[in-house]
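The structure under discussion appears below in the form of structure tokens.
Number of protein chains: 2
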Amino acid sequence: MVCTVPPFTPYKSPIQAFSVTKPSLAPPSGSRDFLPQEALFRERVFATVKSVFTAHGYAPFETPAFERLETLSGKYGEEGEKLIFKILKRGEKAATGEADLALRYDLTVPAMRLYAHRRNDLPRVVRRYQIGPVWRADRPGRGRFREFYQCDVDVFGSASPLADVDVLLALSRVLEVLGLKGFTIRLNSRQALRGLMSACGVPPVKHQAALIALDKYDKIGVDGVSAELRASDLPQRATKSLLNDLKSNNPEAALRARIESDDEGKAGLLAADNIASRVAPLLQGGMIRVDPILARGLDYYTGPIFEFIADDGADSIAGGGRYDNLASLFMKESVPVCGGSLGIERIIMLLQDQVGFEPAVGAVCYVTVWDEVDQGDALQLVAALRAEGVSAEVDLAGGKLSRQLKVADERGCRVVIVQGPDEKAAGEVTIKEMESGNQRRATKANAPSVVKELIK
Amino acid sequence: MVCTVPPFTPYKSPIQAFSVTKPSLAPPSGSRDFLPQEALFRERVFATVKSVFTAHGYAPFETPAFERLETLSGKYGEEGEKLIFKILKRGEKAATGEADLALRYDLTVPAMRLYAHRRNDLPRVVRRYQIGPVWRADRPGRGRFREFYQCDVDVFGSASPLADVDVLLALSRVLEVLGLKGFTIRLNSRQALRGLMSACGVPPVKHQAALIALDKYDKIGVDGVSAELRASDLPQRATKSLLNDLKSNNPEAALRARIESDDEGKAGLLAADNIASRVAPLLQGGMIRVDPILARGLDYYTGPIFEFIADDGADSIAGGGRYDNLASLFMKESVPVCGGSLGIERIIMLLQDQVGFEPAVGAVCYVTVWDEVDQGDALQLVAALRAEGVSAEVDLAGGKLSRQLKVADERGCRVVIVQGPDEKAAGEVTIKEMESGNQRRATKANAPSVVKELIK
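Which chain is which? The protein sequence lines are U and F, in order. If you count by the numbering used here, then the first sequence holds residues 9 to 464, one letter each, in order. If you count by the numbering used here, then the second sequence holds residues 9 to 464, one letter each, in order.
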């Protein structure tokens, strides 16, 4: 597996980078600045994600940072609604506090709005991706920000299970190429969950409460689920059935058997099994399993649903599923849609822990400047190096050669070029490799190709 | 010059893409959605810009979309102040209309804030770039948006003219590599302008009015400038001196002579000449000239100033200069800074006119699906192609082969692979080149390398 992010130990951890020294100069609460080293790391991750999505036939949708407030309202539930950043209407309305725009809360609703708006300009099946920031007026905390990136893929217009497979493979491939150490895809389906609820005799109005309780099984165990089920006032038979299954020797098998006693449930499991059987043989860095307990995104998803868990950290690093009904909020036509979202901020944190930072913020080759007269020569050499495809920069710090070498070293430049009076008299330059300390002479004309050879 | 944006005639112009069919589904006024074709074009431009900046030793700063309102206030003049998008303070203050945050108005002030905040973590000289959206509550119009991208480079901490040269070369190189057809850099300096004002006897309080009038010379001619100067109530001698110079056979030479009669003016011209002489021999797609009339960014810049004009369009496509005083708004220490900003939205429009779009939104290779049983084979083939570095996608549209071929064609896929019953019986696939219509058979195992050869 090729990892595009080279290994290194960070000289600044993301946590330090977030510390506040002068409040008025710090970024606003819950947002972050990134200095070059970390910004480069993030850019490289995003570039890798894009290249994988592109290799899978996905192409970008871009939508504005803000939407009409009415576009976002009523889409994210009561809790979500409170977290929408509202923007004051400009002009005379500012004094009244009237807001007409809002920062996007996720990338899914804006993409759906765009799809509905431009339906006639789009082919029947659209694979789209989007990587960008979203904003939530949440209480900031470790790993929880008010501005953070999301990274989505969606397939609009295909009801085929191959579309679900396509999304899972694209997301998996990103994690593999980024070099993340192992992940598990948990896969289930809304049909299977409805089947389970029917088979246990949970009335529709109680589905959500029962599923929320079940979904916590991995974290709070059977006793925790038991307490939650009892608190949510289900019919006694339903609670008993669910707990019996969870307490059995093989809870998954027991739940599967119960689900399969319901026609819709059986069909749902079959769909999930079918998707898993397509995906499994193509995974290289992870595994997939059908998990009849997984119950994410209750009021949103309509078909297969999934979640990616990192082996290292046990955190959810991606999730998604089929949501064929969201379109109906924006258009009359019904549109089959499935998609997923990478928790890219969490993935970046895991990568920084597992793989590390790339420290170099400077060009590969650093060209020193001997004196003012020498500036033109230095600039010409830099241009010649760039023409050979070598990134190169000229010293701007000034001062003695030893100081210029120190700057080159700090910037992680691999090669430094010196043109002193001796070299100049001979029409040559000295080429110094920073890691080994080796240095050699070359003619000015030859210098770019010598450097190119050295850094290969 | 390698152009990373391949030629094509757009199927949707950016203007059509901005048309409004259903108001409630359109993006908010002054903002834009981008469908894949245009989004890909923009991404490629941004990627090219980044690669050039990186090759020149620049590294990214990233700052949040919003800043504290107080960070932005008082930085952009009276007009700018009105255009700042304010965000409602969350929680109980929402009802009163109190705003504590605002969307960034440019990338320069946030970068300065970040530099001041993290000064101790940064080396003495910092080359930074940033590409990202900024927001202005402006009246939208053709080419004027409320959300648009800017693209900045700055050198913090170097007072050397080499830093100004460095910025000019980085910006020029972007235009050259993007393949923009010709540009002229107009270069001047604030010292030269102050010298001109002194030599003409313009009192300091009238400098700005006189310079604004002069700056319009290229657009409104000598009569226009004359009217503006007279309207701004300068001392009679000053108006006469300026108009005499403008009406002479060689206005530039006359202005230069007058400027050089002042010590500060002379030093300013020398500095500009020095920078131009360093930059000129290294330009490949443009030219540079010292223009004693250029007077941009009056209350902001302190040293050399510049503007890039596209030969095709006569529009300003970049500008910048030295602004050593902005730092003092954020920190006690004075910091020499110079930088420039590409008008990247205007550059993208020029490129779309001059160079055109890249239409393909699909993968290079399209793998058709014969029937449901065949899905696994198709997915395996797609995986094998990607392993060879060929971007590949599997059909999700379904239906007859002819329809799948049509989809592949619309997506700009270059090669289509068919595995029908005949092929399957022979353990082979048919590989069809879309442009020529040529097709050939290959074994399943050989197919990826055959495709790789075809698309070379």
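Glycine included, each C-beta is placed from N, C-alpha and C at the ideal position.
Would you mind telling me which residues of chain F sit closer than 7 Å to residue i, beta carbon to beta carbon, in chain order?
i                      : result
residue 406 of chain U : 168
residue 462 of chain U : Near residue 462 of chain U there are no residues of chain F at all, since even the closest Cβ is about 17 Å away, more than 7 Å.
residue 68 of chain U  : 44, 47, 48, 51
residue 369 of chain U : 67
Do you know offhand how far residue i's Cα is from residue j's?
i                      : j                      : result
residue 31 of chain U  : residue 184 of chain U : Bear in mind that a pLDDT of 49 at residue 31 of chain U, under 50, signals an unreliable position, so the number given afterwards is only what the model happens to contain. Approximately 40 Å between the Cα atoms of the pair.
residue 64 of chain U  : residue 162 of chain U : 12 Å
residue 21 of chain U  : residue 45 of chain U  : Its pLDDT being 34, under 50, residue 21 of chain U is placed unreliably by the model, and the measurement read from it follows with that caveat. So the two alpha carbons sit approximately 10 Å from each other.
residue 311 of chain F : residue 271 of chain F : 15 Å
residue 113 of chain F : residue 97 of chain F  : 18 Å
residue 105 of chain U : residue 106 of chain F : 7 Å
residue 260 of chain U : residue 299 of chain U : 7 Å
residue 42 of chain U  : residue 257 of chain F : 53 Å
residue 126 of chain F : residue 120 of chain U : 40 Å
residue 110 of chain F : residue 95 of chain F  : 5 Å
residue 116 of chain U : residue 251 of chain U : 36 Å
residue 371 of chain U : residue 388 of chain F : 41 Å
residue 241 of chain U : residue 83 of chain U  : 28 Å
In the structure shown, what three-state DSSP assignment does residue i receive?
i                      : result
residue 145 of chain U : coil
residue 208 of chain U : helix
residue 358 of chain F : helix
residue 401 of chain U : strand
residue 377 of chain U : coil
residue 457 of chain U : helix
residue 336 of chain U : helix
residue 108 of chain U : strand
residue 450 of chain U : strand
residue 214 of chain U : helix
residue 290 of chain F : helix
residue 316 of chain F : strand
residue 427 of chain F : coil
residue 234 of chain F : helix
residue 463 of chain F : coil
residue 182 of chain U : helix
residue 257 of chain U : coil
residue 445 of chain U : coil
residue 363 of chain F : coil
Which residue from the options puts its Cα closest to that of residue i?
i                      : options                    : result
residue 159 of chain F : F:50, F:248, F:293         : F:50
residue 346 of chain U : U:332, U:425, U:294, U:393 : U:332
residue 403 of chain U : F:135, F:429, F:327, F:232 : F:135
residue 145 of chain U : U:431, U:408, U:213, U:36  : U:36
residue 396 of chain U : U:411, U:454, U:78, U:376  : U:454
residue 192 of chain F : F:285, F:296, F:222        : F:296
residue 353 of chain F : F:235, F:153, F:71         : F:153
residue 118 of chain F : F:410, F:140, F:48         : F:140
residue 406 of chain U : F:167, F:128, F:33         : F:167
residue 206 of chain U : U:458, U:243, U:365, U:76  : U:243
residue 143 of chain F : F:157, F:254, F:150        : F:157
residue 380 of chain U : U:428, U:89, U:304, U:336  : U:428
Going along chain U in order, which residues have a C-beta closer than 7 Å to the C-beta of residue i?
i                      : result
residue 122 of chain F : 41
residue 422 of chain F : Simply none; closest approach about 13 Å.
residue 93 of chain F  : 95
Which residues in chain U sit within 9 Å of residue i, going by Cβ to Cβ distance?
i                      : result
residue 180 of chain F : Residues of chain U passing the Cβ test: none, with the nearest at roughly 11 Å.
Residue i versus chain F: which residues are under 9 Å apart at the beta carbon?
i                      : result
residue 56 of chain U  : None at all; the shortest Cβ gap to chain F is about 13 Å.
residue 173 of chain U : 383, 387, 402
residue 73 of chain U  : 39, 73, 111, 141, 143, 155
residue 418 of chain U : 131
So residue i and residue j are in contact, right, with Cβ under 8 Å, and what is the actual spacing, rounded?
i                      : j                      : result
residue 319 of chain F : residue 227 of chain F : Their Cβ separation, rounded to whole angstroms, is 17 Å, which puts residue 319 of chain F and residue 227 of chain F out of contact at 8 Å.
residue 423 of chain F : residue 441 of chain F : 6 Å
residue 289 of chain F : residue 418 of chain U : Contact doesn't hold; Cβ gap of about 30 Å is too wide.
residue 70 of chain U  : residue 47 of chain F  : 5 Å
residue 263 of chain U : residue 204 of chain U : 7 Å
residue 456 of chain U : residue 392 of chain U : 5 Å
residue 225 of chain F : residue 313 of chain F : 16 Å between Cβ atoms; not a contact.
residue 317 of chain F : residue 194 of chain F : 7 Å
residue 85 of chain U  : residue 198 of chain U : With a Cβ gap of about 17 Å, residue 85 of chain U and residue 198 of chain U do not count as contacting.
residue 53 of chain F  : residue 359 of chain F : 7 Å
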